[in-house]
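Sequences listed follow chains A and B, in order. Mapping of the first sequence onto this note's numbering: position 270 corresponds to residue 665, and the numbering continues sequentially without gaps. Mapping of the second sequence onto this note's numbering: position 131 corresponds to residue 149, and the numbering continues sequentially without gaps. C-beta: ideal position from N, C-alpha, C; glycine also.
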Amino acid sequence: MINETIPPEPLLKVTDLHKHFGVQRGPMGGHKSAVRALDGVSFELAAGETLGLVGESGCGKSTLVRTLLRLGSPTAGSARLEGQDIYSASGPTLKHLRRRMQVVFQDPYQAFNPRFTVAQSISEAWQIHPEVLPPSQRPDRVTELLTQVGLRPEHANRFPHEFSGGQRQRIGIARALALEPALIVCDEPVSALDVSVQAQVVNLLTKLQRERGLAFLFVAHDLAVVRHISRRVAVMYLGKIVEIGPVAEIFSAAAHPYTQALLSAVPVANPVGRENRSRIVLRGDPPSPVSPPSGCRFRTRCWMAQEICSVEEPELKHRTGNGLLTACHFAAAQANHVKAHKKDLDA
Amino acid sequence: MRVTTEPDQPVLSIQDLRVSFHSSSGRIHALNGVSFDLKHNEVLALLGESGSGKSVTAAAVMGLIDQPPGSIDSGRILLNGRDLLRIAPGERRQLCGEEVALIFQDALAALNPVFPVGWQIAEVFRVHGRLSRSDAQREAVRLLSAVGIPAAEQRAKEFPHQFSGGMRQRVMIAMAMALKPRIVIADEPTTALDVTVQAQIIETLKALRVETAASFILITHDLGVVAEMADRVVVMYGGRVVEVADVYTLFSDPQHPYTRGLLAAQPRLDSEGSELVPIPGSPPSPAALPSGCAFRPRCPLAQEVCAASVPPLARTANTSLSACHFPGTPT
Numbered sequence: 396m397i398n399e400t401i402p403p404e405p406l407l408k409v410t411d412l413h414k415h416f417g418v419q420r421g422p423m424g425g426h427k428s429a430v431r432a433l434d435g436v437s438f439e440l441a442a443g444e445t446l447g448l449v450g451e452s453g454c455g456k457s458t459l460v461r462t463l464l465r466l467g468s469p470t471a472g473s474a475r476l477e478g479q480d481i482y483s484a485s486g487p488t489l490k491h492l493r494r495r496m497q498v499v500f501q502d503p504y505q506a507f508n509p510r511f512t513v514a515q516s517i518s519e520a521w522q523i524h525p526e527v528l529p530p531s532q533r534p535d536r537v538t539e540l541l542t543q544v545g546l547r548p549e550h551a552n553r554f555p556h557e558f559s560g561g562q563r564q565r566i567g568i569a570r571a572l573a574l575e576p577a578l579i580v581c582d583e584p585v586s587a588l589d590v591s592v593q594a595q596v597v598n599l600l601t602k603l604q605r606e607r608g609l610a611f612l613f614v615a616h617d618l619a620v621v622r623h624i625s626r627r628v629a630v631m632y633l634g635k636i637v638e639i640g641p642v643a644e645i646f647s648a649a650a651h652p653y654t655q656a657l658l659s660a661v662p663v664a665n666p667v668g669r670e671n672r673s674r675i676v677l678r679g680d681p682p683s684p685v686s687p688p689s690g691c692r693f694r695t696r697c698w699m700a701q702e703i704c705s706v707e708e709p710e711l712k713h714r715t716g717n718g719l720l721t722a723c724h725f726a727a728a729q730a731n732h733v734k735a736h737k738k739d740l741d742a
Numbered sequence: 019m020r021v022t023t024e025p026d027q028p029v030l031s032i033q034d035l036r037v038s039f040h041s042s043s044g045r046i047h048a049l050n051g052v053s054f055d056l057k058h059n060e061v062l063a064l065l066g067e068s069g070s071g072k073s074v075t076a077a078a079v080m081g082l083i084d085q086p087p088g089s090i091d092s093g094r095i096l097l098n099g100r101d102l103l104r105i106a107p108g109e110r111r112q113l114c115g116e117e118v119a120l121i122f123q124d125a126l127a128a129l130n131p132v133f134p135v136g137w138q139i140a141e142v143f144r145v146h147g148r149l150s151r152s153d154a155q156r157e158a159v160r161l162l163s164a165v166g167i168p169a170a171e172q173r174a175k176e177f178p179h180q181f182s183g184g185m186r187q188r189v190m191i192a193m194a195m196a197l198k199p200r201i202v203i204a205d206e207p208t209t210a211l212d213v214t215v216q217a218q219i220i221e222t223l224k225a226l227r228v229e230t231a232a233s234f235i236l237i238t239h240d241l242g243v244v245a246e247m248a249d250r251v252v253v254m255y256g257g258r259v260v261e262v263a264d265v266y267t268l269f270s271d272p273q274h275p276y277t278r279g280l281l282a283a284q285p286r287l288d289s290e291g292s293e294l295v296p297i298p299g300s301p302p303s304p305a306a307l308p309s310g311c312a313f314r315p316r317c318p319l320a321q322e323v324c325a326a327s328v329p330p331l332a333r334t335a336n337t338s339l340s341a342c343h344f345p346g347t348p349t
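Dropping the structure here:
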């Protein structure tokens with residue numbers, strides 16, 4: 396039902412995931428309401444695939460990451476990794492699941508224990524999951540992992556503060572690889588890095604994926620990086636996926652007005668023609684997730700909004716005759732508009 | 019008191035500026051001879067990665083370098099022909115406050131949390147003795163609405179924490195524009211913002227530039243922001259200027275190998291993902307700069323001469339300025 400092009404047994408299958416945080420209002424704590432950080436998120440991720448996840452701050456990206464890693468439990472919904480339900484698992488099953496999904500954090504400065512050497516940081520996981528590797532092979536494996544991520548074997552005995560941001564991110568990737576995961580969740584892995592170093596880490600991730608068949612859930616706000624690394628892209632707005640599909644179609648034929656606005660907002664790294672570039676500038680900020688607008692959540696900032704948008708919430712489904720799933724009543728009209736515009740440009 | 023300058027005279031001229039800081043691990047050379055001019059009504063981008071010295075340059079112009087631990091070792095900063103480094107502190111404050119304004123990256127840290135934003139903008143007029151209390155408040159409201167804050171009269175009474183990140187940045191811009199400065203220094207003004215909000219702020223800054231005829235120094239690491247806004251670009255690396263070019267030339271015909279590397283390393287939104295070409299290694303620490311050209315250890319063109327001498331900033335065939343012994347050589 397989600398996307399026919401994906402093989403029947405996806406690596407990760409997320410179904411109608413909800414995560415609400417309670418907010419107390421009023422001096423006596425009465426009148427409880429909830430921040431609906433995730434409000435029905437469904438998607439699939441195939442083995443060896445990269446799904447880019449984009450959206451503005453507050454859209455629920457980080458909550459999704461935390462909930463998937465089971466750093467918090469969902470309010471409703473389910474997620475299955477390799478056929479195992481993440482939230483009902485316990486004991487050895489849960490331990491195995493945790494091993495199969497690893498994470499690379501945004502801030503390489505806070506992700507390491509400053510008193511651990513690199514070797515200790517990487518090996519720590521094997522103490523918890525000793526079945527992965529017998530102790531005698533661990534030092535050699537550390538060397539091997541460091542080489543794979545482009546560091547030198549002698550780096551194993553150094554401490555995190557001796558490394559630059561890019562090098563630390565490489566150590567973070569080596570640590571994530573230590574447990575031979577099937578899925579690595581990358582939460583803004585390159586946004587803290589300088590441009591010249593960012594490209595090194597992006598290339599490293601691509602190489603590792605090719606060699607090991609890893610799947611990535613790649614969360615980022617930089618759309619150019621997402622376009623570069625992803626096979627499919629999901630766009631989130633206020634706790635929901637508003638559009639999802641193959642990367643080429645998201646970037647050339649987006650049918651959701653929010654995706655279009657997001658793409659048109661990115662500054663283009665080429666000054667030629669900037670005077671004539673038209674840009675969709677959205678008014679205002681995203682509304683509060685405590686009381687999202689009725690119907691379509693994007694309608695308060697949308698230039699296409701009609702009456703139906705405030706009454707009926709648009710479903711995420713195929714609307715434009717290509718691989719995209721779009722949650723907009725006027726997706727087809729938008730797609731035609733984009734097509735016509737492209738023709739004008741070609742002519 | 020305002021001094022008028024000829025349009026072709028630089029509004030601000032920085033000459034051979036050297037700044038260092040004392041630290042427990044030795045002397046950190048943050049700026050090693052930085053020179054550039056800011057022309058009338060232009061947007062000049064200072065482009066560089068962390069540690070390149072772009073923010074220290076701004077701090078030096080604004081007189082925000084604490085001495086010690088900082089020390090301005092040499093150089094001149096000429097504003098209207100007067101050297102800011104050699105005038106009395108009181109005079110400098112008066113001059114800088116009226117003629118030069120600064121927009122910080124982190125608006126939440128730059129605003130006072132315990133006063134309403136309107137009061138904070140009006141404070142500018144009170145300090146500079148321009149307007150009465152009520153006129154100052156009225157002017158603050160006008161400025162807020164000029165930078166695109168809806169219901170400005172109401173919002174002027176609210177506190178910084180009640181504003182979103184983009185709105186706070188607008189407050190910062192309103193405050194910077196209050197005294198109609200001739201120079202606005204914007205230090206990473208959109209870095210902490212979401213792209214849609216970044217687009218709003220860029221549009222606001224562009225509009226202000228047309229309306230006010232001010233000159234802007236835009237400090238950023240983002241090639242996209244540079245391409246959208248800048249007229250000329252100063253590329254910094256290791257506390258030195260490595261390339262100066264007008265924005266079109268910089269993107270079409272970069273001369274310095276670092277600039278070339280930066281453009282090749284940038285993932286593009288307008289093209290499919292072929293393999294990125296990263297620059298090997300990482301930016302040097304200002305505490306341990308390599309001898310000669312600071313880019314040498316990462317440079318594909320490096321030869322012996324690069325370790326021996328610092329290449330001077332010299333005119334290239336395409337009229338850019340480049341600090342490289344082999345400018346324009348394909349890498």
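Quiz item: Going by the beta-carbon positions, is the gap between B:ALA312 and A:ALA594 smaller than 8 angstroms?
Solution: Here B:ALA312 is not near A:ALA594, since their CB atoms are 8 angstroms or more apart.
Quiz item: Taking a cut of 8 angstroms between CB atoms, which residues from the region 547 to 572 of chain A lie near chain B?
Solution: Here the close residues are SER559, GLY560, GLY561 and GLN562.
Quiz prompt | Residue nearest to A:ARG495 in terms of C-alpha spacing, selected from A:GLY718, A:VAL436, A:ALA610 and A:GLU644 | solution = A:ALA610
Practice problem: Could you check the C-alpha separation between B:VAL145 and B:ALA245 for me, to the nearest Å? | Solution: 37 angstroms
Quiz item: In chain order, what residues of the same chain lie with their CB nearer than 6 angstroms to the CB of B:THR181, ignoring the 5 residues before and after it?
Solution: Residue identity check: residue 181 of chain B is Phe in the sequence provided, not Thr. So the list is empty, once near-sequence residues are dropped.
Exercise. Could you tell me the boundaries of the alpha helix (DSSP H) in which A:LEU459 lies?
Key: 456 to 463
Self-check item: Contacts around A:ARG475, its chain only, beta-carbon distance under 6 angstroms, and the 5 residues preceding and following it disregarded
Solution: LYS408
Quiz prompt | Best match in B:ILE237, B:ARG258, B:GLN321 and B:ARG333 for proximity to B:PRO272 [C-alpha to C-alpha] | solution = B:ARG333
Quiz prompt | Three-state secondary structure (DSSP) of B:THR208 | solution = The answer is coil: DSSP assigns B:THR208 none of H, G, I, E or B.
Quiz item: For the region 79 to 98 of chain B against the region 34 to 45 of chain B, are there 3 or more C-beta pairs whose distance is under 8 angstroms?
Solution: yes
Self-check item: Residue nearest to B:VAL265 in terms of C-alpha spacing, selected from B:TRP137, B:GLY256, B:SER42 and B:LEU64
Solution: B:LEU64
Exercise. Please report how far the alpha carbon of B:GLY183 lies from the alpha carbon of B:SER31, in whole angstroms.
Key: 33 angstroms
Quiz item: Along the region 219 to 249 of chain B, what residues have a CB closer than 9 angstroms to any CB found in chain A?
Solution: ILE220, GLU221, HIS239, ASP240, LEU241, GLY242, VAL243, VAL244, ALA245, GLU246, MET247 and ALA248
Quiz item: With 16 as the cutoff for other CB atoms within 10 Å, does B:ALA225 come out buried or exposed?
Solution: exposed
Exercise. Using beta-carbon positions only, say whether A:LEU618 and A:VAL661 come within less than 8 angstroms of one another.
Key: yes
Quiz item: In terms of residues, what are the limits of the alpha helix (DSSP H) holding A:VAL590?
Solution: 590 to 607
Quiz prompt | Contacting residues, own chain, Cβ-Cβ under 6 angstroms from A:GLN515 (five flanking each side not counted) | solution = none
Quiz prompt | Unbroken alpha helix (DSSP H) run spanning A:MET631, endpoints | solution = Where A:MET631 is concerned, there is no enclosing alpha helix (DSSP H), although the beta strand (DSSP E) it sits in stretches over 627 to 632.
Self-check item: Distance, A:ALA471 Cα to A:LYS414 Cα
Solution: 7 angstroms
Quiz item: How should B:VAL21 be labelled, buried or exposed, when 16 other C-beta atoms within 10 angstroms of its C-beta is the threshold for buried?
Solution: A caution first: B:VAL21 carries a pLDDT of 47, below 50, which makes its placement in the model too unreliable to give a value.
Self-check item: A:SER591 at chain B interface by Cβ criterion, 8 angstroms
Solution: yes
Practice problem: Starting from the C-beta of B:THR23, find all residues in its chain whose C-beta is less than 6 angstroms away, skip the five residues before and the five after it, and write them out in chain order. | Solution: Only weak support is given to the placement of B:THR23: the predicted model assigns it a pLDDT of 48, under 50, and the value that follows is read from those uncertain coordinates. For B:THR23, where only same-chain residues beyond five positions count, there are no Cβ hits under 6 angstroms.
Practice problem: Just mark A:GLY561 as buried or exposed, buried being the case when its beta carbon has 16 or more other beta carbons within 10 Å. | Solution: buried
Quiz prompt | A:ALA441 vs A:PRO487 beta-carbon contact at 8 angstroms | solution = no
Quiz item: Skipping 5 residues on each side, what residues in its chain have a beta carbon closer than 7 angstroms to that of A:ARG622?
Solution: Excluding positions up to five away in sequence, the list reads VAL642 and PHE646.
Quiz item: Under the three-state reduction of DSSP, which class applies to A:ALA742: helix, strand or coil?
Solution: With a pLDDT of 47 at A:ALA742, under the threshold of 50, the modelled position of that residue is not reliable, and the figure given next carries that caveat. Correct three-state label for A:ALA742: coil.
Quiz item: How is A:PRO405 classed by DSSP in three states: helix, strand or coil?
Solution: coil
Exercise. In the DSSP assignment, find the unbroken alpha helix (DSSP H) run with B:PHE400 in it and report its ends.
Key: Shown here, chain B extends from 19 to 349; a query on residue 400 of chain B therefore has no answer.
Practice problem: With DSSP collapsed to three states, give me the class of A:ILE639. | Solution: strand
Exercise. Select from the region 294 to 318 of chain B all residues with a C-beta closer than 9 angstroms to any C-beta belonging to chain A, and list them in chain order.
Key: LEU294, VAL295, PRO296, ILE297, PRO298, GLY299, SER300, PRO301, SER303 and ARG316
Exercise. Go ahead and pull the three-state DSSP assignment for A:SER485.
Key: Note: A:SER485 maps to coil in three-state DSSP.
Exercise. Check whether the Cβ of B:ARG278 lies closer than 8 angstroms to any Cβ atom in chain A.
Key: no
Quiz item: So is B:LEU287 in contact with chain E if we call contact Cβ pairs under 8 angstroms?
Solution: The question asks about chain E, but that chain is absent: this structure's protein chains are A and B.
Self-check item: B:VAL29 versus B:VAL79: straight-line alpha-carbon distance, rounded
Solution: C-alpha separation (whole angstroms): 13 angstroms.
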